[in-house]
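**Q** For what it's worth, UniProt numbering labels the leading residue of the sequence shown as 1, then goes sequentially.
Backbone N, C-alpha and C fix where the C-beta goes; we use that ideal spot for every residue, glycine too.
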Amino acid sequence: LQKTPASFDVSVWEFFWPLRTGARLVLAKPGGHKDAGYLRDLLVSERITTAHFVPSMLTVFLAEDGVEAATALRRVICSGEELPLASATDFTARLPWCGLHNLYGPTEAAIDVTAWACEPDRLAQVTSVPIGAPIANLRLHVLDPSGAQCPVGVAGELHIGGAGLARGYHRRPALTAEKFVPDPFSAEPG
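1. Between 20, 158 and 67, which lies nearest to residue 133 when the distance is taken from Cα to Cα?
2. What are the boundary residues of the alpha helix (DSSP H) that includes residue 13?
3. Kindly identify the DSSP beta-bridge partner or partners of residue 50.
4. For the alpha helix (DSSP H) that contains residue 178, what are its first and last residues?
5. To the nearest angstrom, report how far apart residue 192 and residue 14 are at their CA atoms.
6. Does the distance from the C-beta atom of residue 88 to that of residue 62 stay below 7 Å?
7. Under 7 Å, do residue 156 and residue 142 count as touching if we go by C-beta distance?
8. So residue 64 packs on residue 47, CB below 8 Å; how close in whole Å?
9. Leaving aside the five residues before and after residue 98 along the sequence, list all residues of the same chain whose C-beta is less than 7 Å from its C-beta, in chain order.
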């Protein structure tokens, strides 16, 4: 389902994923991404298998009656905001045949850098939905202010490395030099 306005990064995979995999691309009407009832009806009538929701819209979607009728739905991707645990738990209980995936990606990367599958047994073990592990060709490190790796469970700053990282900020060389630093844990130059 392609419903994200073209000015947002998620629209890229909404456009190209179905075309790359041989699936049918269904275009939502302009503004349809804001109407949970319309989305429910479209998912059902067009037998959509893959859709993206920002978490706040997923919560609104789940408040609609009849979302369980979207029986063709096989995967839902959430990104753009923190995914509430209650929404993820509600989704997996009501649409158990459909995978729910939480993705995270900052401005400094190409769309998403992490993924976490929201499975009922995993959700039962957490107090908030994790951002997940790095996707292919990316590395993540949580570092303290001196650049040392933080132990698991200790807060720090997330550092991203790999192919999905941007090359810098547009026309902001000083900020780029400050924030886009070489990865001290990689043999790759940069």
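**A** Quick answer:
1. Locating residue 133 in the sequence shown gives position 133, where the first residue counts as 1. Nearest of 20, 158 and 67 to residue 133, Cα basis: 158.
2. Taking the sequence shown and counting its residues from 1, one reaches residue 13 at position 13. Element bounds for residue 13: 10 to 21.
3. Reading the sequence shown from its first residue, position 50 is the one you call residue 50. 75.
4. Position 178 of the sequence shown holds residue 178. It spans 173 to 179 - the alpha helix (DSSP H) in which residue 178 sits, taken as one unbroken run.
5. The question about residue 192 has no answer here: the residues shown for the chain are numbered 1 through 190.
6. Indexing the sequence shown from 1 puts residue 88 at position 88. Indexing the sequence shown from 1 puts residue 62 at position 62. No, they are not a contact pair.
7. Here the question's residue 156 lines up with position 156 in the sequence shown. Here the question's residue 142 lines up with position 142 in the sequence shown. A contact, by the Cβ cut-off of 7 Å.
8. Locating residue 64 in the sequence shown gives position 64, where the first residue counts as 1. Locating residue 47 in the sequence shown gives position 47, where the first residue counts as 1. That belief does not hold up - the Cβ atoms of residue 64 and residue 47 are roughly 18 Å apart, past 8 Å.
9. What you label residue 98 is simply residue 98 of the sequence shown in a count that begins at 1. Cβ neighbours of residue 98 beyond the five flanking positions: 73, 74, 75 and 76.
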